[in-house]
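Take the sequence shown: its letter number 70 is residue 451 in my numbering, and every next letter is one higher. For every residue, glycine included, the Cβ atom is placed at its ideal position computed from N, Cα and C. Note that this is a predicted model, so its numbers are computed, not measured. Worksheet: the structure to be examined is printed underneath.
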Amino acid sequence: MSAVPEISLVVPVYNEEPNIEPLMREIVPALSRITDNFEIIAIDDGSRDGSYEKLKKLHAEEPRIKVIRFRANFGQTAAFSAGFDKARGKIIITMDGDLQNDPADIPAMVAKLNEGYDIVAGWRYDRQDKLLSRKIPSIIANKIISMTTNVHLHDYGCSLKAFRSEVVKNIKLYGEMHRFIPAIASWMGVDVAEMKVNHRPRTAGKSKYGIGRTVRVVLDLITVKFLLSYSTRPIQIFGFIGLISGLLGFALALILSVQRLFFDTPLSNRPILLLAVLLIFIGVQFVSMGLLAELQARTYHESQNKPIYAIKEILE
Ligand code: UDP
Ligand code: MG
C-alpha cells in the first residue's frame, strides 16, 4: 500500500459516459493545486453506457484514479457509501459526476475545512436546474430539513461537500440519506460551515431524478429525525404518547363506569365508549412498542459496538 493520501475525492457515476473525461480533466488539476497526494475514487453505479470503459482507460493513464464497479444500479447513496469505505484520505470530498459541480471550488473548500471545521457544505446559490420539478421542491425540502434537524444549511442536496474522514467513516447510509450526513453526524458534535459554490447546467447525459425524489427525502427525514432524537431512548417518545392516550382512555372509561354502575345511565347509546376503548388500546400499543424499541436500540448499539457518545480529546 502506498502512503496515505491527503485527499480522497469520491464521485458517483451512473450513465455519464460523455462527462467522465472532461470531469477528470477538471478534477486532477483542481486537486493538484492543493496536493499531489490525492486519490479519486469513481464508483460506477451499474452504468449501462460506456462509462466503465472510460473510467478503466483513465485509471490506466492516471493510477490515482481508482474505480469501483457495482454489479447493478444501487443508487447514489450506496455509491457514496462504497467510496467512503474505500477512501483512505484524511479529507474526503464528494461531488457529482455530471460536471454540474465545479471542481474549481475544491481548493477553497479544503482551505475552509482546514480553518477547523469538520464539514464544509456547498451551497448552489445559483442552481441550474428545472424550476418547477427541482428547485421549488428543493427549497421547501431544505426549509423542512433545516427546521427539523439542528444543522442549518441552505442547500442539503448539494453533493459538493468536504469532510474530515472521521465524520463519514463511521456513518451507515441508507435510502436517500447522503444529504443528511451533516445532520446524522451532528449527534457527535461537528462544526459545519457552508460555502457558496458554482453550479452549472447539465450539458450531457440525463438527470436521474424528478419530483418523486422530494417525497423520498422527506420520508428519510422522519427516520433521521427519529434516530437523532430518540434512538437511544425510544420509550421516552412512544411511552409518553402511550401514557397520555392510555390515561385519557382510562379516565373516560372510569367516568362511564361510574355513571353506569351508580347512576343507571345506559352505555349502549354512548359512542364515547368506543373512544375510551380505542384510547386504552392505543396506549397499550404505544407503551409496548416503546419497550420493543428499547430492546432494538440495545441490539443496535451493542451488536455493532456503537457508542452513544463521541470523544474529541482525552488529557491524562
Ligand atoms: N447517480 C448514481 N446513481 C444513481 C443516480 C445518480 O451514481 O442511481 C449519480 C449521477 O451519475 C451523478 C450524481 O449521482 O453523478 C447526481 O445525479 P443527477 O445529476 O442525475 O442528479 P441531479 O443533479 O439532477 O440532482
Ligand atoms: Mg446533476
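- The shortest C-alpha to C-alpha distance from Ile-689 to any of Ser-413, Cys-539, Lys-435, Ala-566 is the one to Ala-566.
- In the pairwise beta carbon analysis, the stretch 516-536 is classified as not touching the stretch 480-491: fewer than three pairs are separated by under 8 Å.
- The three-state reading of DSSP puts Ser-527 in helix, counting H, G and I together.
- The beta-bridge partner set that DSSP reports for Met-576 consists of Gly-503.
- Classified as exposed, Arg-452 has fewer than 16 neighbouring CB atoms from the shown chains inside 10 Å of its CB.
- One residue list follows from the rule of a beta carbon closer than 6 Å to any heavy atom of the ligand MG, given in chain order as Asp-477, Asp-479, Gln-481, Arg-583, Ser-588.
- Remark: the shortest separation between the CB of Gly-464 and any heavy atom of the ligand UDP does not fall under 7 Å.
- Between the ligand UDP and the CB of Asp-483, the shortest heavy atom gap is not smaller than 7 Å.
- The stretch 563-577 makes contact with the stretch 500-510: 3 or more CB pairs, one atom from each, lie closer than 8 Å.
- Distance from the C-beta of Glu-402 to the nearest heavy atom of the ligand UDP is not below 7 Å.
- Three or more Cβ pairs drawn from the stretch 591-608 and the stretch 502-518 lie within less than 8 Å of each other, which places the two stretches in contact.
- For Asp-510, no alpha helix (DSSP H) encloses it, and the DSSP letter there is neither H nor E.
- DSSP places Arg-597 in the helix class (H, G or I) of the three-state scheme.
- By the criterion of a C-beta distance shorter than 6 Å, Gly-427 is surrounded in its chain by Phe-451, Ala-453, Asn-454, once the five residues flanking it on both sides are discounted.
- Less than 8 Å divides the Cβ of Glu-397 from the Cβ of Gly-586.
- Nearest in C-alpha terms to Arg-445, of all of Gln-457, Phe-461, Arg-469, is Arg-469.
- When only Cα atoms are considered, Ala-678 and Glu-402 end up about 46 Å apart.
- Cα atoms of Glu-557 and Thr-530: separation of roughly 16 Å, rounded to the nearest angstrom.
- Distances between the C-beta of Ala-674 and the heavy atoms of the ligand UDP are all 7 Å or more.
- Taking non-hydrogen atoms of the ligand UDP into account, the C-beta of Val-501 is found less than 7 Å away from none of them.
- CA-CA distance, Pro-652 to Val-639, rounds to 16 Å.
- For Phe-667, the uninterrupted alpha helix (DSSP H) segment begins and ends at 653-684.
- The C-beta of Ile-603 has fewer than 16 other C-beta atoms within 10 Å across all chains shown, which makes the residue exposed.
- Sixteen is the threshold: when 16 or more other Cβ atoms of the shown chains lie within 10 Å of the Cβ of Gln-457, as they do, the residue is buried.
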